[in-house]
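Each residue of the sequence shown is one higher than the last, beginning at -9 in this note's numbering. Where is the CB? At the ideal position from N, CA and C, for every residue including glycine. Quantities reported herein were computed from a predicted structural model and do not represent experimental measurements.
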Amino acid sequence: MARTLIVNGTIISPTGLSAGDVLVEGETIAAIFQPGQVAALGVTADRTIDAKGKYIIPGGIDVHTHMELPFGGTEASDTFETGSNAAAWGGITTIVDMALQRYGENVQDGLATWHRKAEGNCSIDYAFHQIIGGIDEQSLKDMTYLVEHEGVTSFKLFMAYPGVFYSDDGQILRAMQTASENGAVIMMHAENGIAIDVLVAQHLARRETDPKYHSISRPSLLEGEATHRAIVLSKVAGNVPLYIVHMSAAEALDEVAQAQNEGLNVFAETCPQYLYMTLEDHLAQPGFEGAKYVCSPPIRSKHDHRHHHKDLWKGLRMNELAIVSTDHCPFCMKDQKELGMGDFSKIPNGIAGVEHRMELIYQGVVLGEISLERWVETCCTTPARMFGMYPKKGIIAPGSDADIVIWDPNSKTKIGINDKHHMNTDHSAWEGTVIDGKVDTVMSRGMIVMENDKFTGRKGHGKYVRRGLSQYLH
Ligand code: DUC
Ligand code: ZN
Ligand code: ZN
-9 MARTLIVNGT IISPTGLSAG DVLVEGETIA AIFQPGQVAA LGVTADRTID AKGKYIIPGG
51 IDVHTHMELP FGGTEASDTF ETGSNAAAWG GITTIVDMAL QRYGENVQDG LATWHRKAEG
111 NCSIDYAFHQ IIGGIDEQSL KDMTYLVEHE GVTSFKLFMA YPGVFYSDDG QILRAMQTAS
171 ENGAVIMMHA ENGIAIDVLV AQHLARRETD PKYHSISRPS LLEGEATHRA IVLSKVAGNV
231 PLYIVHMSAA EALDEVAQAQ NEGLNVFAET CPQYLYMTLE DHLAQPGFEG AKYVCSPPIR
291 SKHDHRHHHK DLWKGLRMNE LAIVSTDHCP FCMKDQKELG MGDFSKIPNG IAGVEHRMEL
351 IYQGVVLGEI SLERWVETCC TTPARMFGMY PKKGIIAPGS DADIVIWDPN SKTKIGINDK
411 HHMNTDHSAW EGTVIDGKVD TVMSRGMIVM ENDKFTGRKG HGKYVRRGLS QYLH
């Protein structure tokens, strides 16, 4: 079995920083040695990597991606191959992608389709949540089947997108009741889609068709309202674990914080775009440029009555937001975003980001918003615990998978289509952003998949991860 030693680095865990040398044997972390022990014990390896001056962190886990998702009249432009490779470039060693079931479709068929798309194509490990877009007797039964037999223990429902993925309150309640029996987590896209559709139609009737109206027609109050409603429904269903996805609004954060104060099992994630981008600087760019930043929930205004960025960073510090994911949902401008020229409601919703999550949230450390420990906790460890993959994933510890990132805090990363960009899109939503740090080396189950600015991974190395129930509460 190949042995690799990573020496002289600083290991970061959610509870602190420590000097230590990491021994990898095959696909697993075999041991962690105190400084000096490797020499004293005569430990040898086939390869030794010097991580002096660098951080050793668990591989990142992005629990919200959409590879090859059919959506908005087109399909997300990253395949599992291109998307997993880009993830590896960004220090991500596990993705949890959203398998799809739509109204009238069979849940198990939807999951099988996702396995077919991913199997043999990924360079890093992958797992699935299941989108339930059509809640009926059969899909409720299938939810329990997936939990018990398929390693899929979380389900995404939508309060937005009427006629596409939308579930009404009664359907949501029934899915939550089912989850309270089988132990699953309900993930919620919390925006009031019925009210949003009225506002969208009114803007279009006034010929307000530019990309910025995507945000104006989806006010943060309607994210707060839907979040509140989802929390009440989860309480009625017996305090079922509820995880609000891609939170963008201070009002929604208030609802989650209040629910947590009440002792409810309510959790939430945000995404980098909601921590950095604004309607004015991004969505309202001249011409059709703003289409690059159309995603839902939308990028918020910096002149809103609430300061969303500031509150979301606070939420990350306070653990009101447990995780940062990306909602990676890539579309090119050409032939894809362009579908919405002259009608913002037809712009495919989504931003490509899986490659840049570790970088963008590390910049939050540099800016003093969160600690190094919290960076690792929100991007690596809690994702594993929340979604039943711990301690196989999410921690540098003996016995865990050797998913390891060496991070160089003394280098910089320039993001951009001609700089660092490996996702399958013809533009970068993060063009020109400079990060004060850099992904140096990435190891996926013992295999180096990126080093010296070269991709060294292999298509098909990535394996399906069967997940258990959430370990966050138990
Ligand atoms: N939001 C997006 O922006 N894209 C994919 C689906 C979603 O909910
Ligand atoms: Zn969503
Ligand atoms: Zn999503």
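| query | result |
| --- | --- |
| Glu310 and Ala247 closer than 8 Å at C-beta | yes |
| Asn(-2) in three-state terms, based on DSSP | strand |
| Uninterrupted alpha helix (DSSP H) stretches inside the region 251 to 286 (no shorter than 4 residues) | 262 to 266 |
| Exposed unless 16 or more other CB atoms sit within 10 angstroms - verdict on Val272 | It should be noted that the sequence gives His, not Val, for residue 272. The residue is buried, with at least 16 neighbouring Cβ atoms inside 10 Å. |
| Beta-carbon spacing of Met133, Ile122 below 8 Å | yes |
| Top-ranked residue by Cα proximity to Asp430, from Ala195, Asn408, Asn400 and Val175 | Asn400 |
| Cβ separation of Pro262 and Val314, assumed to be a contact under 8 Å, to the nearest whole Å | 7 Å |
| In chain order, each beta strand (DSSP E) run of at least 3 residues that lies wholly inside the region 33 to 73 | 37 to 40, 45 to 48 and 50 to 55 |
| Contacts around Phe118, its chain only, beta-carbon distance under 7 Å, and the 5 residues preceding and following it disregarded | Val86, Asp87, Ala89, Leu101, Trp104 and Val142 |
| Closer than 7 Å: His119 CB and nearest ligand 4 heavy atom | Among the ligands modelled here, namely ligand 1, ligand 2 and ligand 3, ligand 4 does not occur. |
| Nearest-angstrom Cα separation, counted from Leu306 out to Gly183 | 26 Å |
| Any non-hydrogen atom of ligand 3 within 7 Å of Val235 CB | yes |
| Nearest residue (CA-CA) to Ile289, options Ala20, Gln161 and Tyr264 | Tyr264 |
| Entirely enclosed alpha helix (DSSP H) segments - the region 120 to 166, minimum 4 residues | 127 to 135 |
| Coarse secondary structure for Asp244, derived from DSSP in three states | helix |
| Buried or exposed (CB count within 10 angstroms, at least 16 for buried), Val97 | buried |
| One or two residues paired with Gly10 in a DSSP bridge | Gly(-1) |
| Whether Ala180 touches Ala227 by CB criterion (8 Å) | no |
| Test item: CB-CB of Ser335 and Val188 under 8 Å | no |
| Proximity test, Asn255 beta-carbon vs ligand 1 heavy atom, cut-off 7 Å | no |
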